[in-house]
Amino acid sequence: MGVAADRAPEGTAHVRSHRFPRRWRARWIQAPREAYTHGRRTVLVRRTISVTEPVPAVVPARVCADSRYVLFVNGHEVVAGPARDNPRRLRYDVVDLAPRLRTGTNVLAAVVTFYGDALPWWMPGPTLLSEVSAGGFLFEAELGDGRVVGSDASWEVRAVPGWDAGPPLGVVGRGRERIDLRQVPDGWAIDAPAAAAPDPDASDPATASDGWVPAVELHAGGLGELGIAGPPSFPFGPYGANPLAPPQPRPVEVAAGPDGTFVAERIVVGTLELTVSGPPGSTIEVDPSEFDAAELARIEATEPVVEAPGPAITLDGGRRTIETVDLVGFRTLRVTASDGADLEKLTVRERWRPAEGDASFACSDPLLERIWAVGRHTVSLCTLDAYVDCPTREQRAWTGDGVVHQMVDLATNTDWGMARRYPALTAVPRPDGMLPMAVAGDAEHHDIAIIPDWALHWVHAVDNLRRYVGDPDEVASLLGVAEGVLRWFEPFRDDNGLLTDVISWVIIDWASVHTQGRCAALNGLYGRALAEFAAMATWLGDDGRARWARRRHEQLAAGFEQLWDPERGRYVDSMVDGERRPMASQHAQAAAIVGGLAPPERHGRLVEVLTDEASLVHATFGRLDGEATPNSGMAPGGQRRREPLPPPWWDVDRRVVRAQPFFRYVVHDALAAAGRADLVPSQCRDWAALLERCDTSWAETWFGGTVSHGWSSTPTRDLMVHTLGVTPAAEGFTEARVDPALGDLTRARGRVPTPAGMIDVDVSTDALVVDSPVPIVHRGRRLAAGRHQLPGVTAARGGP
């Protein structure tokens with residue numbers, strides 16, 4: 004962008020405590036309407052301000068845009084945003100400008116991008132009667148001594164019609180970002196505007212100069228409030244502050260590889276800073292891949308590979324450095340350049356959120372230590388401005404996927420900001436109460452589909468807030484949405500309380516789980532959600548809602564007996580037209596346990612079904628001709644189909660379908676609930692197979708999909724909550740349950756975060772040493788906060 008390469012120091016860009024007035028003194032601004040283009044468009048905005056000596060210690064500012072902005076002070080990036088959300092509750096970012104200001108003249112500048120059409124990470128707001136929903140930029144800073152500078156007609160703007168995007172690509176849902184450098188002035192964010200007002204109190208607007216024109220103030224409006232000049236106003240809601248600091252970019256230079264490629268050591272995600280040169284009008288296109296060339300060739304031989312497009316740059320004849328607005332995730336970038344064009348240098352400014360704090364896990368098995376670390380990194384890599392499915396292909400905020408990200412963060416991250424943000428971000432029910440399958444993007448905007456079981460995983464995420472965070476107001480604000488989700492299922496309840504013929508995409512996970520008729524896995528998740536809703540309502544003193552949920556659960560448990568196959572001693576996957584179908588899966592058994600639907604006397608038998616390796620089979624509707632194995636090259640395509648389904652190719656009387664990585668968190672919770680948390684370490688070793696596909700982040704499935712999928716990271720949580728055995732014993736983690744279950748390990752130790760500080764656990768077959776800032780409960784015995792040395796672990800123990 005022709006801006007300075009260095010960035011503001013970590014920790015200087017967010018001012019959390021400053022209180023701005025509710026009514027903004029700034030105005031939404033944009034380029035004149037005649038400069039608009041259809042769809043995506045980019046505008047450069049800037050103005051100067053004068054700062055007298057000394058520069059204030061703190062200069063709080065708030066900034067927002069529809070759809071994206073990158074804010075600079077004197078050519079240095081200060082912040083980029085806003086974070087994705089439903090546009091009716093758009094949030095602004097709060098930053099401190101002081102570290103980048105100097106005595107004298109300073110240049111404020113921003114790249115402002117309006118996407119126009121819904122994308123995986125952005126959805127448009129209502130446009131009727133309101134100019135604001137057509138894109139705009141909003142900025143306000145307090146310079147001290149009562150001086151305020153805000154976006155208004157004193158700023159100058161320059162439309163860049165050559166900075167747009169190509170058509171969206173299939174399931175990826177995004178097009179290629181295109182930047183024509185012939186229309187982007189070099190040094191535009193550093194050089195003082197030629198005719199802009201030099202002082203925030205000046206009243207004369209900038210005059211046209213070299214393509215720069217005065218900004219146009221946009222007026223928000225709607226029936227009853229036409230012509231509102233500044234926020235708060237319709238349609239963007241009350242404009243609350245973003246509760247999370249935008250991630251600071253971390254530069255990673257990527258070296259040039261063979262055959263016109265740039266290859267990173269691991270998956271990276273962020274904006275791309277490209278230094279390019281070549282004749283005017285020549286072009287450079289870069290295409291990201293999760294794999295290096297050899298890996299890609301091998302994988303493409305057995306499965307389709309769908310990846311997102313990268314940027315395309317048109318050169319202006321000089322040597323320029325430009326940075327993209329959109330995030331790009333990749334391992335390899337393949338470069339296509341026209342004659343004379345050269346990509347001289349590539350730097351990724353990574354914009355994911357590393358886990359904070361010194362949580363740790365170590366044990367007598369180095370493989371499990373590695374699996375723990377890869378999972379923690381994978382979740383961080385999939386934490387952008389929201390929990391996303393993957394940082395490479397889609398970058399969508401899926402409603403159900405995030406439950407695993409959240410649980411990993413709660414168990415291994417001292418910053419619970421995103422773990423708390425996730426249930427609120429996804430709490431956007433449709434009028435019927437059901438949640439979108441993915442939020443704050445094209446899926447929510449177009450109402451593409453619903454995934455009923457994803458909404459039930461979301462209820463689990465809300466209950467996690469009760470257990471770990473313990474803020475009654477926070478949980479109460481989400482309880483009504485949870486009730487709406489549960490009541491959405493009411494029309495599908497049969498006379499026995501079982502959900503039957505539930506519509507839309509009941510995915511469960513990518514395995515061959517038959518969901519027609521009465522689906523055991525779906526009913527089990529529904530039972531867990533009812534029980535958790537009752538617990539939340541009881542905790543909040545809402546006895547009426549709690550009684551309703553408990554009644555529904557009792558009816559469901561009675562009806563669920565129809566799915567029990569007494570001859571084979573297991574729950575079948577589905578029951579159609581009154582007939583139990585023979586197919587069975589780990590999903591059905593695990594959901595029956597966690598849903599509180601399987602009588603305790605059956606738990607031992609269900610553990611056998613869940614863990615009998617000789618009977619378990621990898622199966623997916625995407626493969627019809629034989630058993631799958633990890634890395635066998637099967638793509639998760641056909642699992643979206645529900646009717647008609649191909650006949651099972653496996654022996655349905657003897658074999659049980661294995662859960663895919665996402666649903667394994669339910670399987671492991673079920674083992675712990677059945678008193679067999681000691682089996683979790685051996686279960687987590689299954690992830691060794693995924694290291695063959697990518698050794699730094701987890702793949703989407705056992706056999707294919709993207710290689711950085713946060714939903715596959717459950718071992719990282721499980722080794723903390725089941726093996727070390729550290730979980731909340733009271734709401735808000737004011738007490739901790741410490742109940743380790745080593746299984747075949749001889750020793751394990753780790754540090755687990757709580758709101759009061761870290762709990763240290765060191766356990767072996769000889770001794771258990773716990774150092775906790777809160778009281779602990781161990782084997783039913785309550786102990787005070789502090790350090791305790793207890794007997795070692797010699798038997799299976801633990802619980803979810």
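In this text, residue positions in the sequence shown follow the numbering used here: the first is 4, and each later residue adds one.
Just so you know, even glycine gets a beta-carbon here, dropped at the ideal spot from N, CA and C.
From a predicted model like this one, the values you see are computed outputs, not experimental measurements.
- Q686 burial status per 10 Å Cβ neighbour count (16 or more: buried): buried
- Taking 7 Å as the cut-off, does the CB of A156 come closer than this to any heavy atom belonging to the ligand FMN? By its list of ligands, the structure shown contains no ligand whatsoever, and the ligand FMN lies outside what it can speak to.
- Which residues in the same chain have their Cβ closer than 8 Å to the Cβ of V93, if we skip the five residues on either side of it in sequence? Reading off the sequence, residue 93 comes out as Leu, not Val. Contacts found: C67, D69, P85, G128, F239, G240 and Y242.
- Contact the stretch 167-176 vs the stretch 305-321: 3+ CB pairs below 8 Å: yes
- Query: Quick one, are the C-beta atoms of R373 and A441 less than 8 Å apart?
  - Reply: no
- Message: Please return the same chain residues whose Cβ sits closer than 7 Å to the Cβ of G735, not counting the five positions on each side in sequence.
- Response: V472, G473 and P758
- Taking all protein chains shown into account, decide if L482 is buried (16 or more other Cβ within 10 angstroms of its Cβ) or exposed. buried
- Query: Between which two residues does the alpha helix (DSSP H) harbouring L613 extend?
  - Reply: H606 to T614
- Query: Are the beta-carbon atoms belonging to R28 and G281 less than 8 Å from one another?
  - Reply: no
- Can you give the Cα-Cα distance for L47 and V710, rounded to whole angstroms? 36 Å
- Within 10 angstroms of its Cβ, does E582 collect 16 or more other Cβ (buried), or is it exposed? exposed
- Return the CA-CA distance between D319 and V724, expressed in angstroms with no decimal places. 56 Å
- Item | Between the CA atoms of R496 and V579 - distance to the nearest angstrom | 14 Å
- For the alpha helix (DSSP H) containing P794, list its first residue and its last residue. Careful: P794 lies outside any alpha helix (DSSP H), inside the beta strand (DSSP E) at G789 to P794.
- Item | Residue of G284, R30 and L387 minimising C-alpha distance to L330 | L387
- Query: At what residues does the beta strand (DSSP E) containing R337 begin and finish?
  - Reply: V331 to A340
- Run through DSSP, which three-state label would A304 get? coil
- Message: Mapping the DSSP letters down to three states, classify V18 as helix, strand or coil.
- Response: coil
- Query: Under a Cβ-count criterion, where at least 16 other Cβ atoms within 10 Å of its own Cβ denotes burial, should P33 be classed as buried or exposed?
  - Reply: A small fix is needed here, since residue 33 is Gln in this sequence, not Pro. It is buried - the Cβ of Q33 has at least 16 other Cβ atoms within 10 Å.
- Three-state secondary structure (DSSP) at F23? coil
- Item | Ordered list of beta strand (DSSP E) runs contained in the stretch 347-433, each at least 3 residues | 363-366
- Message: Would you call the stretch 350-358 in contact with the stretch 246-260, where contact means no fewer than 3 C-beta pairs closer than 8 Å?
- Response: yes
- Task: State the CB to CB distance for the pair P283 and R185, rounded to an integer number of angstroms; the pair is presumed to be in contact (CB under 8 Å).
- Result: 7 Å
- Collapsed DSSP secondary structure at C522 in the structure displayed: strand
- Item | Selected residue, minimal CA-CA separation from V110, among T737, R49, S157 and G147 | R49
- Taking the Cβ atom as the reference point for each residue, do Y529 and L566 lie within a distance shorter than 8 Å? no
- Item | Beta-carbon proximity of L226 to V289, cut-off 8 Å | no
- How would you label A276, buried or exposed, when you count the other beta carbons within 10 angstroms and need 16 or more for buried? A small correction: the amino acid at residue 276 is Glu; Ala does not occupy that position in the sequence shown. Buried, since its Cβ has 16 or more Cβ neighbours within 10 Å.
- Task: Mind reading off the beta-carbon distance from T264 to V328? Whole number of angstroms is fine, and I expect it under 8 Å.
- Result: Wrong, their Cβ atoms sit about 23 Å apart, outside the cutoff.
- Item | Other residues of its chain near S20: CB distance less than 8 Å, five sequence neighbours each side excluded | none
- Inter-stretch contact at 8 Å, needing at least 3 Cβ pairs: the stretch 501-515 / the stretch 586-604: yes
- Query: What is the rounded straight-line gap between the Cα of P35 and the Cα of F665?
  - Reply: 49 Å
- Could you name the residues of the same chain whose beta carbon sits closer than 8 Å to that of A458, not counting the 5 residues immediately before and after it, in chain order? T402, G403, M437, L438, V488 and W491
- Just mark D342 as buried or exposed, buried being the case when its beta carbon has 16 or more other beta carbons within 10 Å. exposed
- Quickly, what does DSSP pair E738 with across the bridge? List them, please. In the DSSP output, where bridge partners are listed per residue, E738 has none listed.
- Item | Chain-order list of residues whose beta-carbon lies under 6 Å from that of D763 (same chain, five-residue window excluded) | R754 and D774
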